[in-house]
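This report refers to the structure that appears directly beneath it.
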Amino acid sequence: MSNLSPGFSPVSRRNYRGRLAPSPTGLLHVGHARTFWIAAQRAIENQGTLILRNEDLDPQRSRSEFARAMIEDLRWLGIRWSEGPDCGGAYGPYSQRERRAHYLEAWRRLRDGGFLYPCACSRKDLAQAASAPNDADADDEPVYPGTCRDRKDAVEFVKPAGVNWRFRVPDGEAVKFADLNLGQQRFVASSDFGDFLVWRRDDVPAYQLAVVVDDAAMRISEVVRGADLLKSTARQLLLMRALGHAAPDYFHCELVRDSAGVRLAKRHDALSIRHLRESGMTPEKVLEMAG
Ligand SMILES: [Zn+2]
Numbered sequence: 261m262s263n264l265s266p267g268f269s270p271v272s273r274r275n276y277r278g279r280l281a282p283s284p285t286g287l288l289h290v291g292h293a294r295t296f297w298i299a300a301q302r303a304i305e306n307q308g309t310l311i312l313r314n315e316d317l318d319p320q321r322s323r324s325e326f327a328r329a330m331i332e333d334l335r336w337l338g339i340r341w342s343e344g345p346d347c348g349g350a351y352g353p354y355s356q357r358e359r360r361a362h363y364l365e366a367w368r369r370l371r372d373g374g375f376l377y378p379c380a381c382s383r384k385d386l387a388q389a390a391s392a393p394n395d396a397d398a399d400d401e402p403v404y405p406g407t408c409r410d411r412k413d414a415v416e417f418v419k420p421a422g423v424n425w426r427f428r429v430p431d432g433e434a435v436k437f438a439d440l441n442l443g444q445q446r447f448v449a450s451s452d453f454g455d456f457l458v459w460r461r462d463d464v465p466a467y468q469l470a471v472v473v474d475d476a477a478m479r480i481s482e483v484v485r486g487a488d489l490l491k492s493t494a495r496q497l498l499l500m501r502a503l504g505h506a507a508p509d510y511f512h513c514e515l516v517r518d519s520a521g522v523r524l525a526k527r528h529d530a531l532s533i534r535h536l537r538e539s540g541m542t543p544e545k546v547l548e549m550a551g
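According to this note's numbering, numbering within the sequence shown proceeds without interruption in unit steps and concludes at 551.
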């Protein structure tokens with residue numbers, strides 16, 4: 261396949277495996293419905309397997325009642341999967357909180373490979389160093405100023421807990437990929453994004469690491485998700501290369517906005533799938549509303 265930069269090897273196309281990866285930090289939103297629906301349709305069109313992965317790593321924000329609700333709401337929308345926390349499968353467990361050993365192994369490999377450094381900057385240090393947000397990408401982490409990047413003591417840590425761990429990005433490298441929906445993408449390491457978190461001080465693996473480890477372990481061949489994660493894909497491609505994993509294909513969906521231009525996923529709870537369903541709306545109507 262020629263759609264990836266040299267060094268990013270695609271996985272085999274013979275066996276389509278897609279995933280839904282919601283976080284149980286609230287009720288699923290109409291803004292998410294369209295992305296999940298597209299992910300499900302692509303798995304069907306490719307006669308593939310769809311996996312549900314419960315991204316419940318954040319101990320403060322994840323709740324089991326939201327995990328139950330997201331399964332019910334996805335089913336109600338008519339989405340079906342054949343591997344997941346509710347039905348098991350060959351690549352489980354399918355809840356991230358039960359997969360810590362996998363993330364720790366990846367952390368060790370990255371540490372030993374010289375890809376990581378411990379970062380002792382406080383939130384306050386980072387807030388002072390960060391310039392004002394310069395684009396609309398308010399969800400994104402600010403470019404790390406590099407205060408701790410020359411630390412060489414990573415191998416002295418036997419466990420990640422206690423400091424933040426960052427991935428040292430290759431300065432100036434353009435990470436390119438051909439998105440199956442949005443076309444050619446290009447992000448430059450250390451200007452579009454900086455040294456990003458892979459493990460948090462409070463001993464929680466960061467999103468980027470967990471996703472890369474799980475997509476590889478679950479043999480995901482295509483990632484369908486919102487366009488707010490395009491830049492994260494660049495970070496994840498670097499992590500995959502460092503870990504020696506093949507890269508999946510990517511299909512990023514445009515974000516749905518309301519008539520005032522506000523992203524639906526940013527709007528309040530009245531647009532949860534749950535509330536629309538309880539107000540008598542049909543799944544078809546919800547999906548129509550989701551664009
Ligand atoms: Zn630091």
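Every residue, glycine too, gets a C-beta built ideally from N, C-alpha and C.
Rounded to whole angstroms, the Cβ separation of F427 and V435 is 12 Å, and the two are not in contact under 8 Å. Within the DSSP bridge table, the entry for R446 names K436 as partners. Here L499 carries a helix assignment [DSSP, helix/strand/coil]. With a 10 Å radius around the Cβ and a threshold of 16 neighbouring Cβ atoms, S492 comes out buried.
Between the beta-carbon of H512 and that of A476 there is about 19 Å, and that puts the pair past the 8 Å contact cut.
A507 sits buried, since 16 or more C-beta atoms from the chains shown fall within 10 Å of its C-beta. When DSSP states are grouped into helix, strand and coil, F511 belongs to the strand group. Within the model, the alpha-carbon separation for P430 versus Q496 is close to 13 Å. When secondary structure is reduced to three states using DSSP, E315 falls in the coil class, being assigned neither helix nor strand.
Annotated as proximal: V464 and P319, with beta-carbon spacing under 8 Å.
DSSP, read as helix, strand or coil, puts L531 in helix. In this structure, I533 lies away from A299, with their beta-carbon atoms at least 8 Å apart. Near ligand 1, meaning a beta-carbon closer than 6 Å to one of its heavy atoms, we find C379, A380, C381, T407, C408.
Here H362 carries a helix assignment [DSSP, helix/strand/coil]. L370 and V415 have their C-alpha atoms roughly 10 Å apart. Setting aside the 5 residues that flank it on each side, I331 is surrounded in the same chain by D346, each with a C-beta closer than 6 Å to its C-beta; the list follows chain order.
DSSP places F296 within a helical segment (H, G or I) once states are collapsed to three.
When the Cα atoms are used, E482 and A502 turn out to be separated by approximately 20 Å.
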